[in-house]
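All remarks here apply to the structure that follows.
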Amino acid sequence: MFDANDLAVFPVDVWIADGVQWLALNLRPLFLAIKWPIENLLAFNEHVLHAVPFPVFVILAFLIAYRLASLGIALFTAIAFVIIASLGVWDESMTTLSLISTAIVISTVIGIPIGIWCAINNRVWHIVRPVLDIMQTTPTFVYLVPVVMLFGVGTVPGEVAVVIAAAPPLIRFTNLGIRMVETEMVEAGLAFGADRRQLLWEIQFPLAIPTILGGLNQTVLTAMVMSVVVAMIGAEGLGLVVLQGLGRLDVGRAAVGGIAIILLAMILDRITQKLAQPATSKAKPSLWAAVCSALVGSRSKPAAGPA
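For reference, each letter of the sequence shown is one residue, going 12 to 318 in our numbering.
Structure follows, in structure tokens:
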């Protein structure tokens, strides 16, 4: 009887391996040029985060979270960082945070321009869309093999893998946000004499910012997940803590790394989610007033006497 195993097998695995090896041998200067800015930016972020004293970092994190989100999220951020420090993985957390922040910067620099290009050019979108489908459906472990062959092992190749995995959501959301701008708004801009550039940067892009920030939230979470996976190719940070715990069957060590990762992910998720929400007309109270209101409680004003 006819069997699928009787068919000729194409050596696709050999072709792919030979192709990656050819790229590694012949395009080595290109990959070194890609690696150089990533390595320097990552080293700078890591140096800054490790140089800031713990109390100063917690205060700065509280103020940044309050400014970007709310008082509740700021308090949660400060408490979460204190818990991370009490777990004994502060240095590893700062390394992971530098990895994530660098990935966010690079993904933003790459993803938003490509998303805008896809939104204004349907032909480009038809080409980029299947590439994004492949990138987002490919298992994360599969990224590690070509990255190791092209860039080697260590934290910098891990950063490359994180950027590759985290950039597609931002590209999709940027394209979607610009395309979802209401037709009436576009027609109103054209009626007032806006050219193509003014229409994009003064009407479509500002209205698409909440959707783009939603894509940034997905990019942050994807980068957080990938930062654990890249520990398998030598990337340092909390992922390495989890990997070491699993390798030594040390459940406690792995759990400590996992708890710190969860807290970092929740901090970044809450802040980026708040950024993606439309701004309300109600003005945010000052920090001093908010703290006093939370600690003391608001007092009702006495009723005015008769005139």
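Glycine is no exception: its CB is placed at the ideal position from the N, C-alpha and C atoms.
Please read all numbers here as calculations on a predicted model, not as lab measurements.
I need the straight-line Cα distance from S97 to G30, nearest angstrom please.
48 Å
Given 8 Å, three or more beta-carbon pairs between the segment 256–266 and the segment 62–79
no
In chain order, what residues of the same chain have a beta carbon less than 7 Å from the beta carbon of W128, not counting five sequence neighbours either side?
V135
Cβ-Cβ distance between N56 and T113 below 9 Å:
yes
Report the residue ranges of all alpha helix (DSSP H) runs contained in full by the segment 202–235; include only those spanning at least 4 residues, in chain order.
207–210
Would F21 be called buried (16 or more neighbouring beta carbons within 10 Å of its own) or exposed?
exposed
Please check if any C-beta of chain C sits within less than 9 Å of the C-beta of G165.
You won't find chain C in this structure, because it holds only one protein chain.
Does E247 come out as helix, strand or coil in the three-state DSSP assignment?
coil
Sub-9 Å separation of T151 and V253 beta-carbons
no
L187 vs L201 beta-carbon contact at 9 Å:
no
Nearest to L218 (by Cα), restricted to the options R190, D206, L249, I244
R190
Once the 5 residues before and after I125 are set aside, which same chain residues still bring their CB inside 6 Å of it?
I182
Distance check for D206 and T166, CA to CA, integer angstroms please.
45 Å
Excluding the five sequence neighbours on either side, which residues of its own chain have a C-beta within less than 8 Å of the C-beta of I220, listed in chain order?
G188
Classification of E195 by the beta-carbon crowding that lies within 10 angstroms, buried from 16 upward:
exposed
Given F42, which residues of its chain have a CB within under 7 Å of its CB, disregarding the five upstream and five downstream residues?
L161, F162
Could you check which residue in F65, N132, P64, T88 has the C-alpha nearest to that of L74?
T88
Taking only three categories from DSSP, how would you classify T149?
coil
Report the rounded CA-to-CA distance for S238 versus F203, giving the unit in angstroms.
48 Å
Is DSSP giving E103 helix, strand or coil here?
helix
Drop a sphere of 10 angstroms on the beta-carbon of T148, count the other beta-carbons inside from all chains shown, and report buried for 16 or more, exposed for fewer.
exposed
Which first and last residues belong to the alpha helix (DSSP H) in which N51 is found?
39–62
Straight-line Cα distance separating G122 from I145:
16 Å
Buried/exposed call for P168, threshold 16 Cβ in 10 Å
buried
Cα-Cα separation between Q215 and I175, rounded to whole angstroms:
27 Å
At the level of alpha carbons, what is the spacing between W101 and V93?
9 Å
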